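In the working numbering, the protein residues as written are 5 to 314. The beta carbon of each residue, even a glycine, is placed where N, CA and C say it ideally should be. Since this is a predicted model, take the numbers as computed values, not measurements.
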Amino acid sequence: MANAQTLSHPYMLQTDDLSREDFKMIFDRATYFIDNPDGKEKFDDLKGITVASAFFENSTRTKLSFDLAAKRLSADTFSFHAKTSSLSKGESLIDTLRTVEAMSVDMYVVRHNCAGSSKFLQENTPGIVVNAGDGKHEHPTQALLDTYTLHRHFGSLEGLKVCIVGDILHSRVARSNVTALKILGAEVAFCAPGTLLPRRLDIWDVKLIETIGEAVEWSDTLICLRLQHERMESGILPSLREYSKYYGVTVKHFEQKPGLVLMHPGPVNYGVELDYKISKYPNVLIQTQVSHGVYIRMALLSLLRNSLNK
Ligand code: CP
Numbered sequence: 005m006a007n008a009q010t011l012s013h014p015y016m017l018q019t020d021d022l023s024r025e026d027f028k029m030i031f032d033r034a035t036y037f038i039d040n041p042d043g044k045e046k047f048d049d050l051k052g053i054t055v056a057s058a059f060f061e062n063s064t065r066t067k068l069s070f071d072l073a074a075k076r077l078s079a080d081t082f083s084f085h086a087k088t089s090s091l092s093k094g095e096s097l098i099d100t101l102r103t104v105e106a107m108s109v110d111m112y113v114v115r116h117n118c119a120g121s122s123k124f125l126q127e128n129t130p131g132i133v134v135n136a137g138d139g140k141h142e143h144p145t146q147a148l149l150d151t152y153t154l155h156r157h158f159g160s161l162e163g164l165k166v167c168i169v170g171d172i173l174h175s176r177v178a179r180s181n182v183t184a185l186k187i188l189g190a191e192v193a194f195c196a197p198g199t200l201l202p203r204r205l206d207i208w209d210v211k212l213i214e215t216i217g218e219a220v221e222w223s224d225t226l227i228c229l230r231l232q233h234e235r236m237e238s239g240i241l242p243s244l245r246e247y248s249k250y251y252g253v254t255v256k257h258f259e260q261k262p263g264l265v266l267m268h269p270g271p272v273n274y275g276v277e278l279d280y281k282i283s284k285y286p287n288v289l290i291q292t293q294v295s296h297g298v299y300i301r302m303a304l305l306s307l308l309r310n311s312l313n314k
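Here's what the structure looks like:
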């Protein structure tokens, strides 16, 4: 089915680029892709369009799902691998962009460890940039797939109570999700050790919950986050064992609240953020999030394509 709708902006840099209507358009398009006969049919939304993925930081889920999404929409795709590129010979990011641009690329999916890198690239190219994670700043497509997973599970996010647990200080997922959840009408709380909370909590306008037991009691859904050792200063946590004891989610929390929904963007440090045994519970939606990631990214690329003049 052809689709001529366009989003509020011809790029995807941060979650508040999206209006509530944009979320609806993206969710409806993702559902359309899911509802095709076996979920694997090829579509021609990106026929004649070239999509480059450029990952300057490691990724499994985001990179694979964007690549698959672009291929299922019939795009021409290629990957730029930072570690094996001429960046290692001193070429700048902007010269790298110019080089890739000269190969007639229409869309760029970019992950980089610098906050603001996607915005910088968008300001320097007529192509469409999609932020696949920029440092501690934003991971908007993770927020899209997380809220879509909640939308499919609960029917609506209006009034839904969602607590984000763990390493909020270093998390682009937390930042993107707080914005997305609020746009869609959810109530948001944080539960984390003081050293892993953002310094200016007042500007986040979220509820603060002290203990994981209270977080389970209050929440319809917990979004647990990975401890991001690569972005942490040393000494920020006494020990992983202590973190796990006070903030890890275990079977006892599902016994406390059998209907509790649990999500995690991955990769999970089992035994730290989550006890491995919780994987058996049907409301643990981690695999569902990964599956939805493909359809949400198909939906986003399909709708952004309509902003290209070709
Ligand atoms: N959730 C997420 O961004 O995972 P990857 O780092 O594997 O892409």
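Check                                                                                               : Outcome
Reduced DSSP secondary structure (H/G/I, E/B, other) of TYR274                                      : strand
Near the ligand CP: SER78 beta-carbon under 7 Å from a heavy atom                                   : no
Beta-carbon proximity list for VAL109, same chain, < 7 Å, skipping 5 on both sides                  : THR54, ALA56, GLY131
Alpha helix (DSSP H) runs wholly inside the segment 269-314, at least 4 long, in chain order        : 290-309
Integer-rounded CB distance, given that THR81 should sit under 8 Å from LYS87                       : That pair is no contact at about 19 Å.
Three or more C-beta pairs below 8 Å linking the segment 303-314 and the segment 30-38              : yes
Cβ contact (3+ pairs, closer than 8 Å) linking the segment 159-169 and the segment 189-208          : yes
Close Cβ partners of ASP224 (< 6 Å) along its chain, the five nearest in sequence each way excluded : LEU164, LYS165
Continuous alpha helix (DSSP H) stretch holding MET107: start and end                               : Unbroken run through MET107: none, as it is neither H nor E.
For ASP279, the nearest candidate out of VAL255, LEU91, ASN313 (CA to CA)                           : VAL255
Selection from ASP20, THR151, THR153, LEU101 that minimises the alpha carbon distance to MET111     : LEU101
GLU142 - partner residues in DSSP beta bridges                                                      : ASP138
Reduced DSSP secondary structure (H/G/I, E/B, other) of LEU125                                      : helix
Proximity of LEU17 and MET29 at Cβ, strictly below 8 Å                                              : no
Length-filtered (3 minimum) beta strand (DSSP E) runs lying within the segment 204-234              : 225-228
PHE60 to VAL113 span [Cα, whole Å]                                                                  : 11 Å
Spatial distance of HIS174 from LEU77 (CA atoms)                                                    : 33 Å
Short CB-CB distance (under 8 Å) between GLY252 and chain C                                         : This model lacks chain C altogether, as it is built from one protein chain only.
Distance between ARG309 and ARG230 (C-alpha atoms, nearest Å)                                       : 33 Å
Expected contact under 8 Å - CB spacing of VAL298 and ALA73 to nearest Å                            : 5 Å
Cβ neighbour criterion (16 or more within 10 Å) applied to ILE98                                    : exposed
Same chain only: Cβ atoms within 6 Å of ILE168, ignoring 5 sequence neighbours per side             : ALA178, PHE194, ILE227
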